[in-house]
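Undergrad: Residue numbers (the UniProt record's numbering): 647 to 935.
For each residue, glycine too, the CB sits at the ideal point set by N, CA and C.
Encoded as structure tokens, here's the structure I'll be asking about.
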Ligand code: C2E
Ligand code: MG
Ligand code: MG
Ligand code: MG
């Protein structure tokens, strides 16, 4: 077979990929218009005091044919596409609207929202964010936090750190998400004024078995404290995780061992019923959980 045919095959596959992506994007756009996306909210707690610290909004797609889809199955196709800005704005608006409803019911808790790099770098990001916040005057400063992946923050440091500073001026704080997966260094943390570091769940999950991951976690905690940044551990799946994190000086946690992501309506009830697991309160750790 000649080279000509090989080119032909290659083009066909590429065309098919392009068409596939085009169709996926159109489907997401229609889903957005049809109200098929929802936000779940996962609690973040102080594992020492038991107080609810905040909630993280996590998107789900109620796909008419495929059922509930997790973000990993539809966010990658949006990467670098302008539609990710529209979806990101829907997420912020939905979270603000939900917070407004909760507040009217006497439930007042900060919410963090995940922001894609593409959205954060869109030219009118600050103006759009401000007008979305202005539509909710009932929410005070400090109600909204934005989570940006450490890896995306690294790729466009100066732009991201400028936005972090501008957001601080309007009462919106930042967290560096999946922290520890990028090239964590003292020099760049100094330039990124994000208030919080969310340690990637990989380190938390493995710290019980792998001394190297435990060492990374301890180094991140030391670094964060030196820079007066708050640390929150993701992937707190059990009492053993919670206890070890407390011993290491990490008080904030999020994970299935505390709560799975919840429907918005279920959150106030969960918050009223939740209390610290007895084993976390023990001053002298016991042998068995
Ligand atoms: P993330 O921001 O790091 O969110 C934490 C992810 O870990 C969530 O997955 C959550 O359900 C899961 N998780 C929480 N606790 C545990 C645990 O104890 N064990 C395990 N194994 N997993 C746990 P989810 O909801 O599938 O989201 C995955 C990622 O998709 C998020 O990671 C975030 O980067 C992205 N994402 C989610 N919602 C949005 C959104 O509205 N906008 C954007 N741009 N990205 C989003
Ligand atoms: Mg996050
Ligand atoms: Mg994360
Ligand atoms: Mg993640």
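So who's on the other strand from residue 878, going by DSSP bridges?
TA: DSSP output for residue 878 lists 844 and 898 as bridge partner(s).
Undergrad: Can you tell which of 887, 874, 798 and 702 has the C-alpha that lies nearest to the C-alpha of residue 758?
TA: The residue with the shortest Cα to Cα distance from residue 758 is 702.
Undergrad: Is the separation between the beta-carbon of residue 767 and that of residue 805 shorter than 8 Å?
TA: A contact, by the Cβ cut-off of 8 Å.
Undergrad: On the DSSP bridge list, what partners appear for residue 765?
TA: In the DSSP output, where bridge partners are listed per residue, residue 765 has none listed.
Undergrad: Residue 737 and residue 685 - do their beta-carbons sit closer together than 8 Å?
TA: Their beta carbons are under 8 Å apart, which means residue 685 touches residue 737 by this criterion.
Undergrad: State the Cα-Cα distance for the pair residue 725 and residue 801, rounded to the nearest angstrom.
TA: C-alpha separation (whole angstroms): 14 Å.
Undergrad: Given this structure, state the Cα-to-Cα distance separating residue 921 from residue 905, to the nearest angstrom.
TA: Going from the Cα of residue 921 to the Cα of residue 905 covers about 11 Å.
Undergrad: From the DSSP output, which residues share a beta bridge with residue 699?
TA: Looking at the DSSP assignment, residue 699 forms no beta bridge with any residue, so it has no partner.
Undergrad: Note down, one range per segment and in chain order, each alpha helix (DSSP H) of at least 4 residues found wholly within the segment 733–782.
TA: Counting only runs of 4 or more, we get 763–766 and 771–780.
Undergrad: Which of helix, strand or coil does DSSP assign to residue 922?
TA: Correct three-state label for residue 922: coil.
Undergrad: Answer yes or no: do residue 843 and residue 870 have a C-beta to C-beta separation smaller than 8 Å?
TA: Yes.
Undergrad: Over what stretch of residues does the beta strand (DSSP E) that includes residue 795 continue unbroken?
TA: Per DSSP, residue 795 belongs to the beta strand (DSSP E) from 790–795.
Undergrad: Distance, Cα to Cα, residue 709 vs residue 807?
TA: The straight-line gap from Cα to Cα measures roughly 36 Å.
Undergrad: Please list the terminal residues of the continuous beta strand (DSSP E) segment that includes residue 713.
TA: Its beta strand (DSSP E) spans residues 713–715.
Undergrad: Just tell me which of 699, 719 and 695 has its CA closest to the CA of residue 670.
TA: For residue 670, the nearest C-alpha among the options comes from 719.
Undergrad: Grouping DSSP H, G and I as helix and E and B as strand, with all else coil, what is residue 838?
TA: Residue 838 falls in the coil class under three-state DSSP.
Undergrad: Check whether the segment 814–821 touches the segment 846–855, taking contact to mean three or more Cβ pairs, one atom from each stretch, closer than 8 Å.
TA: The segment 814–821 vs the segment 846–855: no contact.
Undergrad: Pick from 661, 694, 675 and 682: whose alpha carbon is nearest that of residue 899?
TA: Measuring from the Cα of residue 899, the nearest candidate turns out to be 694.
Undergrad: Just grab the DSSP bridge partners of residue 825 for me.
TA: According to DSSP, residue 825 bridges with 845.
Undergrad: Any heavy atom of ligand 3 inside 7 Å of the beta-carbon of residue 716?
TA: No, the Cβ of residue 716 stays beyond 7 Å of every heavy atom of ligand 3.
Undergrad: Quick one: grab the DSSP three-state call for residue 684.
TA: Residue 684: strand per DSSP, three-state reduction.
Undergrad: Would you call the segment 877–888 and the segment 905–920 touching, i.e. three or more CB-CB distances under 8 Å?
TA: No, they do not touch.
Undergrad: Tell me whether residue 702 counts as near ligand 2, meaning its Cβ is closer than 7 Å to at least one heavy atom of that ligand.
TA: Indeed, a heavy atom of ligand 2 lies less than 7 Å from the Cβ.
Undergrad: Here's a check: name, in chain order, each residue in its chain whose Cβ is nearer than 8 Å to the Cβ of residue 885, leaving out the five neighbours to either side.
TA: Within the same chain, residue 885 has close Cβ partners 903, 923, 925, 926 and 935.
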